[in-house]
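I have placed the structure first, in the form of structure tokens, so that the comments after it can refer back to it.
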Amino acid sequence: MYPLIRNRRLRTTESIRRLVRETVITTDDFLVPLFVVEGKGVKEEIPSMPNYFRLSLDHLEKEVRELWKMGFCAVLLFVKVPDNLKDNKGTEAINPNGLMQLAIKTIKNACPEMLVMTDVALDPYSTYGHDGIVAEGQILNDETAEVLAEMSVSHAQAGADFVAPSDMMDGRILTIREAFEDEGFQNTGIMSYAAKYASAFYGPFRDALDSAPVDIANVPKDKKTYQMDPSNRFEAIRETQMDIDEGADIVMVKPGLPYLDIVREIKNEVEVPVAVYQVSGEYAMLKAAAEKGWLDHDTVMLEQLTAIKRAGANIIASYFAKDFVRVMG
Ligand code: PBG
């Protein structure tokens, strides 16, 4: 009791603060998202994601070598698919010589130890910008899961260590796991986007990949029939438990900062590693506020990353990875 106990004693100097600090972030915590684009010598800045780029394979190779040198050990790949290769069923997604498959091989050649995780969902490949097959105004569940399993096997064949299904179809983890077992990919992992909310924070990402749902008749204009309602908490636990039962090795909550209550809830509930995706809109908000001089970029970034880890994240997918190294050395 005061005055015998004074909590400020443990805050007196930086050394004592370091000694009692509960949450420390290192490069090992990061999963670095990368956007891949066709062509050669292409490094295009994404307008709504300052200082973040779409990379052609040659730049991707350089980037991954640099990330490895900086201390990062895992990347998460997304591809931007040209319109002429898009259709309703994601045919291009299972092309063994498709951009994703080439990207995986490029990285595994250049830097074999870098853990490669791949996005699995149809939206970058879909004429309609949906994560699944569209029919009569609906997103088909089981038919989509089958395609996602084929896509996953194709990524595994190209050398992916993990697939990361971000689509939120029911039962797709089981379908993918069974396909892996059948095809001899027992050691290929699955990181499921288990509790993924229908969030407006994904806007800049959809700019990056040109993957937003299109505005045409009989196509849903949002993803609310498969992504979760931001109002719900118990549902996040159910989704996550189901994915674990179906064989997910790692589960993810997404977005990050506005959903840290969910992160903690899930962390308390499950025994597999929990990943958190600090999404594109979270990145864009801080970049914009810092550009205006309204927030101090580096300290706010560190505070946000710390909050995400403190809430229970074992892995943080974040566009701030390189900024983190710039600040922390
Ligand atoms: C699509 C996908 C999205 C993100 C990751 N995978 C967008 C969406 O669901 O519309 C968002 C990532 C981000 O905003 O950084 N399957």
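At position 198 of the sequence shown (counting the first as 1) the number is 191 in the working numbering, and the numbers step up by one without a gap. Note that CB positions come from ideal geometry on N, CA and C, so glycine has one too. The structure displayed is predicted, hence computed values, not measured ones.
Identify whether Thr292 lies in helix, strand or coil by the three-state DSSP scheme.
DSSP places Thr292 in helix when its eight states are reduced to three.
With a CB to CB cut of under 6 Å and the five nearest residues on each side skipped, what residues in its chain are close to Tyr45?
So the list reads Ile39, Tyr312, once near-sequence residues are dropped.
Are the beta-carbon atoms of Ser204 and Pro117 separated by less than 7 Å?
In contact: Ser204 and Pro117 (Cβ atoms closer than 7 Å).
Do Lys189 and Lys247 come within 7 Å of each other at the CB atom, strictly closer than that value?
In this structure, Lys189 lies closer than 7 Å to Lys247 by Cβ.
When every heavy atom of ligand 1 is checked, does at least one fall within less than 6 Å of the C-beta of Val263?
No, Cβ of Val263 sits at least 6 Å from all heavy atoms of ligand 1.
Would you check whether ligand 1 has a heavy atom nearer than 6 Å to the C-beta of Ala187?
No, ligand 1 has no heavy atom inside 6 Å of this Cβ.
Among Met162, Asp215, Gln271, which residue has its Cα nearest to the Cα of Glu239?
Cα-wise, what sits closest to Glu239 is Met162.
Going by C-alpha distance, which of Glu275, Ile237, Glu129, Thr120 is nearest Ala310?
Closest by alpha carbon: Glu275.
How many Å lie between Thr323 and Asn88 at the Cα?
Here the chain has residues from -6 to 322 only, and residue 323 is not among them.
Quick check for students: name the residue ranges of the beta strand (DSSP E) that lie wholly in the region 145 to 229, counting only runs of 3 or more.
Complete beta strand (DSSP E) runs here, min 3: 155 to 158, 182 to 189.
When the Cα of Leu24 is compared with those of Ala306, Val320, Arg(-1), Arg319, which residue comes out closest?
Answer by Cα proximity: Ala306.
Tell me whether the beta-carbon of Ala172 lies closer than 7 Å to the beta-carbon of Ala142.
Result yes, Cβ atoms of Ala172 and Ala142 sit closer than 7 Å.
Does the beta-carbon of Gln271 have 16 or more other beta-carbons within 10 angstroms, so that it is buried, or is it exposed?
Buried, because 16 or more other Cβ atoms sit within 10 Å of the Cβ of Gln271.
If you compare alpha carbons, which of Ile(-2), Asp289, Gly125, Gly152 is closest to Pro105?
For the residues Ile(-2), Asp289, Gly125, Gly152, the minimum Cα distance to Pro105 belongs to Gly152.
So for Lys55, helix, strand or coil by DSSP?
It is helical.
Can the beta-carbon of Ala96 be found less than 7 Å from the beta-carbon of Val29?
A contact, by the Cβ cut-off of 7 Å.
Does any heavy atom of ligand 1 sit closer than 6 Å to the C-beta of Phe317?
No; taking the cut-off as 6 Å, the Cβ of Phe317 has no heavy atom of ligand 1 nearer than that.
Could you work out which residue in Asp22, Met42, Glu54 is closest to Val35 when comparing CA atoms only?
Measuring from the Cα of Val35, the nearest candidate turns out to be Glu54.
Please work out which residues of its chain come closer than 8 Å, Cβ to Cβ, to Leu288, disregarding the five sequence neighbours upstream and downstream, and give them in chain order.
Cβ neighbours of Leu288 beyond the five flanking positions: Leu279, Ala282.
So Asp160 and Thr181 are in contact, right, with Cβ under 8 Å, and what is the actual spacing, rounded?
Their Cβ separation, rounded to whole angstroms, is 18 Å, which puts Asp160 and Thr181 out of contact at 8 Å.
When you compare each of Val57, Met221, Glu37, Gly249 to Val301 by their alpha carbons, which one comes out closest?
In the sequence on display, residue 301 carries Ile and not Val. Looking at the Cα atoms, Gly249 is the closest of the given residues.
Ser145 and Ile126 look like a contact to me (Cβ under 8 Å); what is the Cβ gap, rounded to whole Å?
The pair is not a contact, with the Cβ atoms about 16 Å apart (cut-off 8 Å).
What first and last residue would you give for the beta strand (DSSP E) that runs through Leu12?
Per DSSP, Leu12 belongs to no beta strand (DSSP E); it is in the alpha helix (DSSP H), 7 to 13.
Are there 16 or more other CB atoms within 10 angstroms of the CB of Ala128, so buried, or fewer, so exposed?
Looking at its Cβ environment, which holds fewer than 16 other Cβ atoms inside 10 Å, Ala128 is exposed.
Along the chain, where does the alpha helix (DSSP H) containing Arg319 start, and where does it finish?
Taken as a continuous stretch (DSSP letters only), the alpha helix (DSSP H) holding Arg319 covers 314 to 321.
Would the beta-carbon of Ser49 fall within 7 Å of that of Gly32?
Yes.
Using a Cβ-based criterion (distance less than 6 Å to any ligand heavy atom), does Tyr195 qualify as near ligand 1?
Checking every heavy atom of ligand 1 against the Cβ of Tyr195, one is found closer than 6 Å.
In chain order, what residues of the same chain have a beta carbon less than 6 Å from the beta carbon of Lys217, not counting five sequence neighbours either side?
Here the set comprises Ala191.
May I ask you to list the residues that DSSP assigns as paired with Met330?
Residue 330 cannot be examined here, being either before or after the span of the chain that is shown, -6 to 322.
To the nearest angstrom, report how far apart Phe71 and Val109 are at their CA atoms.
Cα to Cα, Phe71 sits roughly 11 Å from Val109.
Could you tell me whether any non-hydrogen atom of ligand 1 is closer than 6 Å to the CB of Ser273?
Under cutoff, so the answer is yes.
When burial is assigned at 16 or more other CB atoms within 10 Å of the CB, is Lys214 buried or exposed?
By the neighbour-count rule (16 or more Cβ atoms within 10 Å), Lys214 is not buried but exposed.
Whose C-beta lies closer than 8 Å to the C-beta of Trp61 among residues of the same chain, with five residues either side of it excluded?
Contacts found: Cys104, Glu106, Met107.
Please give the ranges of any beta strand (DSSP E) in the region 86 to 118, keeping only runs that are unbroken, at least 3 residues long and fully inside the region.
Entirely contained in the region 86 to 118, the beta strand (DSSP E) runs reaching 3 residues are, in chain order, 108 to 113.
Just to confirm, are Ser269 and Val244 a CB contact at a threshold of 7 Å?
It should be pointed out that residue 269 corresponds to Val in this sequence rather than to Ser. No.
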